[in-house]
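A short write-up of the structure that comes next.
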Amino acid sequence: MAPLIPSSQPWVEKYRPKQVKDVAHQEEVIRVLTNTLETANCPHMLFYGPPGTGKTTTALAIAHQLFGPELYKSRVLELNASDDRGINVVRTKIKDFAAVAVGSGNRQSGYPCPPFKIIILDEADSMTEDAQNALRRTMETYSKVTRFFFICNYISRIIEPLASRCAKFRFKPLPEEVMSSRILHICNEEGLNLDREALSTLNSISEGDLRRAITYLQSTARLYGSSLSSKDLISISGVIPQDTVQTLFAACKSGEFDAANKEAGNVIAEGYPVSQMLYRLLEVIVSSDDISDLQKARICKRLAEADKCLIDGADEYLQLMDVVSHTMRALCDMPQDMKFH
Ligand SMILES: Nc1ncnc2c1ncn2[C@@H]1O[C@H](COP(=O)(O)OP(=O)(O)OP(=O)(O)O)[C@@H](O)[C@H]1O
Ligand SMILES: [Mg+2]
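For the sequence shown, the positions run 1 to 341 when UniProt numbering is used.
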């Protein structure tokens, strides 16, 4: 009897769409690639956008659909940040692969098998500028037999001459409906029970990143079993609970220093990252209707300064206290600058 596939396989891999048409919400690129499947013709491609939106998935799916399992090994070269992609690799491995001539492939296999190879450079924004420059000639010289797929999060880190040789596609963060339907599909397959509140929590903590949502879902299921609540998800994800943010904000509003100090101390004692707290406070403050624009501006300015200080390595508690006291003074219309006589 064939052994059962172990269920420990990460769900992000298990539920990675195998076909381009199953990639959700990225219509433009899907349309172009569907066309490629019909005409067996495609330009160099550049996929960019935030994490977990389907870039790697789309590139792997089109490569598999074009060549099928047999030809895949000889026709596709996949390189990501874990492979060395410095200038030497561009001059040797990539160039050698790009230069190999290709036959027309076996069309009887049922795959289009176009007469070119594909080189997928995932996380291309981590390639050095020299390495990117070295690719320019290679791309042109072998464009008859090779197509490049660049994938990155930050398009500004791809040098312009490379970007301008490619058809560019921006992958958008996934909206709530799309995330929800993928998550519910997985819950269904895995026999999980997720109520509406938990689903909306999962959506908000993963911020359009479906990979993050699926990873939280799997970790929570592993720890809490098949019935998951909003609280379980929050405890796994390490996000600061909304109550904690609201309590700190209320303490600032009360104008009582001791109360605010106590809440700030709690945040530190719970081990929540202060930089995340600053973002969460920002959300609360910006969306509050009962704070004037001037008060908001004062607080936001201080939040930005504290964020910079934290990046520079300042003490978390002191920065949080500084933000708290500024917020309190702004909210209670106390003078912003202390005067010492
Ligand atoms: N548009 C989408 N449609 C369906 N599933 C998706 C989509 N985007 C992401 N996923 C799911 O999320 C997982 C991660 O997606 P993928 O690896 O393609 O992200 P990525 O865009 O390459 O992110 P990164 O920039 O972090 O590399 C996939 O396994 C898949 O299950
Ligand atoms: Mg990726």
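Think of the CB as a built atom: it goes at the ideal place given N, C-alpha and C, for glycine as much as any other residue.
Test item: CB-CB of L223 and L202 under 8 Å: As a working mapping, residue 223 is identified with position 223 in the sequence shown. As a working mapping, residue 202 is identified with position 202 in the sequence shown. Contact: no.
Contiguous alpha helix (DSSP H) assignments of at least 4 residues, all confined to the UniProt domain "AAA+ ATPase" (41–174): 55–75, 95–99, 129–141 and 160–163
Bridge partner(s) assigned by DSSP for L228: In the sequence shown, counting from the first residue as 1, residue 228 sits at position 228. For L228, which the question treats as bridged, DSSP gives the partners L194.
Which of helix, strand or coil does DSSP assign to Y279? Along the sequence shown, one-based indexing puts residue 279 at 279. If DSSP states are grouped into helix, strand and coil, Y279 belongs with the helices.
Candidates L294, L71, V90 and Y72: which alpha carbon is nearest N80's? As a first step, residue 80 must be located in the sequence shown, where it is residue number 80. Comparing Cα positions, the closest option is V90.
Counting along the chain, where does the alpha helix (DSSP H) carrying S325 start and finish? The residue you call residue 325 lines up with position 325 of the sequence shown. Here the alpha helix (DSSP H) through S325 covers E316 to L331.
Alpha helix (DSSP H) segment containing R31, residue limits: Start at 1 with the first residue of the sequence shown, and residue 31 comes out as number 31. Element bounds for R31: E27 to T39.
Given a threshold of 16 other Cβ atoms within 10 Å of its Cβ, counted over all protein chains shown, does Q336 qualify as buried or as exposed? Here residue 336 refers to the residue found at position 336 when the sequence shown is read from its first residue. Looking at its Cβ environment, which holds fewer than 16 other Cβ atoms inside 10 Å, Q336 is exposed.
8 Å is my cut-off, CB to CB: does S74 come that close to chain E? The structure shown contains no chain E, having only a single protein chain.
Local conformation of R298 per DSSP, three classes: Position 298 of the sequence shown, counted from the start, is the residue given in the question as residue 298. Of the three classes helix, strand and coil, the one that applies to R298 here is helix, per DSSP.
Taking C-beta to C-beta, are Y48 and I159 nearer than 8 Å? For the purposes of this step, residue 48 is identified with residue 48 of the sequence shown, where counting begins at 1. For the purposes of this step, residue 159 is identified with residue 159 of the sequence shown, where counting begins at 1. Going by C-beta atoms, Y48 is not nearer than 8 Å to I159.
Does DSSP classify residue 345 as helix, strand or coil? Missing from the structure shown is residue 345; the chain here goes from 1 to 341 and no further.
Does the separation of the CB atoms of I240 and R280 fall below 8 Å? Translated into the one-based positions of the sequence shown, residue 240 becomes position 240. Translated into the one-based positions of the sequence shown, residue 280 becomes position 280. Closer than 8 Å, so yes.
Length of the line joining the Cα atoms of V20 and A61: Residue 20 sits at position 20 when you count from the first residue of the sequence shown. Residue 61 sits at position 61 when you count from the first residue of the sequence shown. Taking the straight line joining both Cα atoms gives about 6 Å.
Where R182 sits in the DSSP three-state scheme: Taking the sequence shown and counting its residues from 1, one reaches residue 182 at position 182. Three-state DSSP puts R182 in a helix.
Which of helix, strand or coil does DSSP assign to S22? In the sequence shown, counting from the first residue as 1, residue 22 sits at position 22. The amino acid occupying residue 22 in the given sequence is Asp; Ser does not appear at that position. If DSSP states are grouped into helix, strand and coil, D22 belongs with the helices.
Would R75 and V102 qualify as a contact pair, given that the criterion is a beta-carbon distance under 8 Å? Taking the first residue of the sequence shown as 1, we reach residue 75 at position 75. Taking the first residue of the sequence shown as 1, we reach residue 102 at position 102. Closer than 8 Å, so yes.
Within the same chain, show all residues whose beta-carbon is closer than 8 Å to that of I5, passing over the 5 residues directly before and after it, in chain order. As a working note, residue 5 is residue 5 in the sequence shown. Caution applies to I5, whose pLDDT of 49 falls short of 50 and renders its modelled position unreliable; the model cannot decide the point.
Thinking just about the alpha-carbon of each residue, which of D333, L248 and K14 is nearest to the one in V324? Taking the sequence shown and counting its residues from 1, one reaches residue 324 at position 324. Ranking D333, L248 and K14 by Cα distance to V324 puts L248 first.
Could you check if T53 is buried or exposed, using at least 16 other CB atoms within 10 Å of its CB as the buried criterion? Along the sequence shown, read from residue 1 onward, the residue named residue 53 stands at position 53. T53 comes out buried.
Between the alpha carbons of G313 and D307, how many angstroms are there, rounded? As a first step, residue 313 is located in the sequence shown; it is residue number 313 there, counting from the start. As a first step, residue 307 is located in the sequence shown; it is residue number 307 there, counting from the start. Looking at the two C-alpha atoms, the distance is approximately 10 Å.
Cβ-based neighbour list, N133, same chain, cut-off 7 Å, excluding 5 preceding and 5 following: The residue you call residue 133 lines up with position 133 of the sequence shown. Setting aside the 5 residues that flank it on each side, N133 is surrounded in the same chain by I159, each with a C-beta closer than 7 Å to its C-beta; the list follows chain order.
Minimum C-alpha distance to E27 - residue among P114, K14, P173 and S143: Numbered from 1 along the sequence shown, position 27 holds the residue referred to as residue 27. That would be P173, whose Cα lies nearest to the Cα of E27.
On a CA-only basis, which of S227, R85, E140 and L331 is nearest N188? Give me that one, please. Locating residue 188 in the sequence shown gives position 188, where the first residue counts as 1. Out of S227, R85, E140 and L331, S227 has the C-alpha closest to the C-alpha of N188.
What does the Cβ neighbour count give for P114, buried or exposed, with the cut at 16 atoms within 10 Å? Here residue 114 corresponds to residue number 114 of the sequence shown, with the count starting at 1. Label assigned to P114: buried.
Could you check what DSSP says for Q336 in three-state terms: helix, strand or coil? Taking the sequence shown and counting its residues from 1, the one referred to as residue 336 is at position 336. Correct three-state label for Q336: coil.
Closer than 7 Å to a non-hydrogen atom of ligand 2 - does that hold for the CB of D125? Here the question's residue 125 lines up with position 125 in the sequence shown. It does not: the Cβ of D125 is nowhere closer than 7 Å to a heavy atom of ligand 2.
Mapping DSSP to helix, strand and coil, what is S219? Translated into positions along the sequence shown, residue 219 becomes position 219. Of the three classes helix, strand and coil, the one that applies to S219 here is helix, per DSSP.
Span of the alpha helix (DSSP H) holding S254? As a first step, residue 254 must be located in the sequence shown, where it is residue number 254. Looking at the DSSP string, the run of the alpha helix (DSSP H) that includes S254 is Q242 to S254.
Buried versus exposed, by CB contacts within 10 Å (16 or more), A213: The count along the sequence shown starts at 1 and reaches residue 213 at position 213. Buried, because 16 or more other Cβ atoms sit within 10 Å of the Cβ of A213.
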